[in-house]
Amino acid sequence: MTWSPIEGGVSRLGSLGVAGQELAGSGRTVEGLISTHLAAARAAVRAVDDSIAGAGAAYQAALDAAVALDAWDADRRVDIALEALGAVTDRERPLETMSVGQRYRVRLACLLGANDDFLLLDEPTNHLDQQGLEFLTARLRAWPGGIVLVSHDRDLLSEVATSVLDLDPSRDGRPVSYGDGYAGYVRGRHAYLQSWTDDYAAHQATQARLAGDLAAAQARLSTGWRPDKGTGKHQRATRAPALVRSVHRRASDLAAHEVPMPSPPARFVMPALTAPAGVILVEATGVRVHGRLETPVDLALSAGSRLVVTGPNGAGKSTLLAVLAGLLPPSEGSVRCHPAARIALLAQESPRDDRLSTGQKRRLDLAAVLAGQPHVLLLDEPTNHLSTALVGELTEALATTGAAVVLATHDRWLRRETADWPQLLLQVGDDKTRGRGRHAGE
Numbered sequence: 001m002t003w004s005p006i007e008g009g010v011s012r013l014g015s016l017g018v019a020g021q022e023l024a025g026s027g028r029t030v031e032g033l034i035s036t037h038l039a040a041a042r043a044a045v046r047a048v049d050d051s052i053a054g055a056g057a058a059y060q061a062a063l064d065a066a067v068a069l070d071a072w073d074a075d076r077r078v079d080i081a082l083e084a085l086g087a088v089t090d091r092e093r094p095l096e097t098m099s100v101g102q103r104y105r106v107r108l109a110c111l112l113g114a115n116d117d118f119l120l121l122d123e124p125t126n127h128l129d130q131q132g133l134e135f136l137t138a139r140l141r142a143w144p145g146g147i148v149l150v151s152h153d154r155d156l157l158s159e160v161a162t163s164v165l166d167l168d169p170s171r172d173g174r175p176v177s178y179g180d181g182y183a184g185y186v187r188g189r190h191a192y193l194q195s196w197t198d199d200y201a202a203h204q205a206t207q208a209r210l211a212g213d214l215a216a217a218q219a220r221l222s223t224g225w226r227p228d229k230g231t232g233k234h235q236r237a238t239r240a241p242a243l244v245r246s247v248h249r250r251a252s253d254l255a256a257h258e259v260p261m262p263s264p265p266a267r268f269v270m271p272a273l274t275a276p277a278g279v280i281l282v283e284a285t286g287v288r289v290h291g292r293l294e295t296p297v298d299l300a301l302s303a304g305s306r307l308v309v310t311g312p313n314g315a316g317k318s319t320l321l322a323v324l325a326g327l328l329p330p331s332e333g334s335v336r337c338h339p340a341a342r343i344a345l346l347a348q349e350s351p352r353d354d355r356l357s358t359g360q361k362r363r364l365d366l367a368a369v370l371a372g373q374p375h376v377l378l379l380d381e382p383t384n385h386l387s388t389a390l391v392g393e394l395t396e397a398l399a400t401t402g403a404a405v406v407l408a409t410h411d412r413w414l415r416r417e418t419a420d421w422p423q424l425l426l427q428v429g430d431d432k433t434r435g436r437g438r439h440a441g442e
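Encoded structure:
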């Protein structure tokens, strides 16, 4: 979908690479997507090949264009990025057979290989594991062109951003730009809100004083108050009305410099979740799913249990959560659930609804999961598509809830915040030693 501004205009110079949060299959293959993004580079190589070496200005222009794009190396750059991001490398694979995250990683690899002059990236770290995060961060730090990021990832913003444009409400209704990277934004935003709050309080106090002055002046006028004897006759006759006019002028001046009330930030309120005490709510024994979860997993969850599931893409984190939720049967092992246990899963993906943005859908999914008052809360990459403020508030709430909580996440900030939780590391392939242990029930 293409949007046009209702005011103003947009102009650009050079090539532009765009990665939205989602990418539809659209009947294409991996190679088809690569061809789209490398069209300019491949065309530049063909132009050089079709020219006659040394044939004057035409050949030189074609050669200059190909060199500027580093066109001969474009496919190799894409292959390197596909591998580093954990993306599908089979170029004949149809996109519609892939998950949202798999498609996103392929497109991100294409953008990193195309060497566009300018990148627009919407939540680029949402579907990356630790290796992919490190690769992307390094590439963006070294990117010679311009980059605009929309991201909740504090680590990425701290490493890459040189300035932050804040779209939250401001006193004049315009976006506020902060320099000195993400740290400068945090400091600047705090100072800005404090100044706005102080100015609003001062404005309200002045308004209250003027209201008092006006009431007093009008009372004097209505009661026929006059200054003390000895005051000039003209002054005695006009003093009270003059006071009223003066207060009105001051009130008018104050209204012309109105300070809007700072918008209180919407805060996340976690419902009180409880779970039956003294019982095992969910227990997995030797659970595997062929081709998807090769590490056998043993775990037990009771009220207040905490568990962070980590591992590279493809290790089976989402699969494990689906098994625990009862949505997918294990190929080996067993899962036992307490008959009274309410288990809820916040999955990475939900059915498309073009009436809502990706972030709106994510918040709605989270609200629906919590509204069910689950005893066991299974969260698959819960920070995806959420704001930094909401992520922080959700993390605080999860630390104190009475429900059992299982997180599958690559988010570096969230992993640091939950470093004291029991950890379960899953591995790709047949390393069957990492998922054993009663990680969450003890």
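The sequence shown lines up with residues 1 to 442 when you count with UniProt numbering.
We put the CB at the ideal spot given by N, CA and C, even for glycine.
All figures in this text were calculated on a predicted structure; none of them were measured in a lab.
- Membership of F118 in the beta strand (DSSP E) is indicated by the continuous run F118 to D122.
- Our two residues, P296 and R171, have alpha carbons roughly 55 angstroms apart in a direct line.
- Ranked by how close their Cα comes to the Cα of A256, the residues D166, R245, H203 and G278 have H203 in first place.
- In the structure shown, A277 falls within a coil segment according to DSSP collapsed to helix, strand and coil.
- Cβ neighbours of D153 within its own chain (closer than 6 angstroms, five residues either side excluded): T125.
- When DSSP states are grouped into helix, strand and coil, L307 belongs to the strand group.
- The continuous beta strand (DSSP E) containing V18 extends over residues L16 to A19.
- The beta carbons of A344 and L378 sit about 7 angstroms from each other, so the pair counts as a contact at 8 angstroms.
- Counting C-beta atoms within 10 angstroms of its own C-beta, D354 has fewer than 16 neighbours from the protein chains shown and is therefore classed as exposed.
- Across the structure, Q373 and R336 are spaced so that their CA atoms are roughly 20 angstroms apart.
- The three-state secondary structure of D64, taken from DSSP, is helix.
- For E294, the three-state secondary structure derived from DSSP is strand.
- Put simply, the region 360-375 does not touch the region 308-319. Fewer than three CB pairs are less than 8 angstroms apart.
- The beta-bridge partner set that DSSP reports for C337 consists of V282.
- The C-alpha of L165 is placed about 15 angstroms away from the C-alpha of A191.
- Annotation: D365 to E349 spans about 10 angstroms, alpha carbon to alpha carbon.
- In the DSSP secondary-structure assignment, V287 is bridged to V297.
- The DSSP-derived three-state label of V106 is helix.
- Excluding sequence positions up to five before and after L254, its CB lies within less than 8 angstroms of the CB of H203, T206, Q207 and L210, all in the same chain and listed in chain order.
- In this chain, the alpha helix (DSSP H) harbouring Q130 covers Q130 to R141.
- In the three-state reduction of the DSSP assignment, E332 falls in the strand class, which pools E and B.
- Looking only at S302, A81 and G17, the smallest Cα-Cα distance to T137 is reached by A81.
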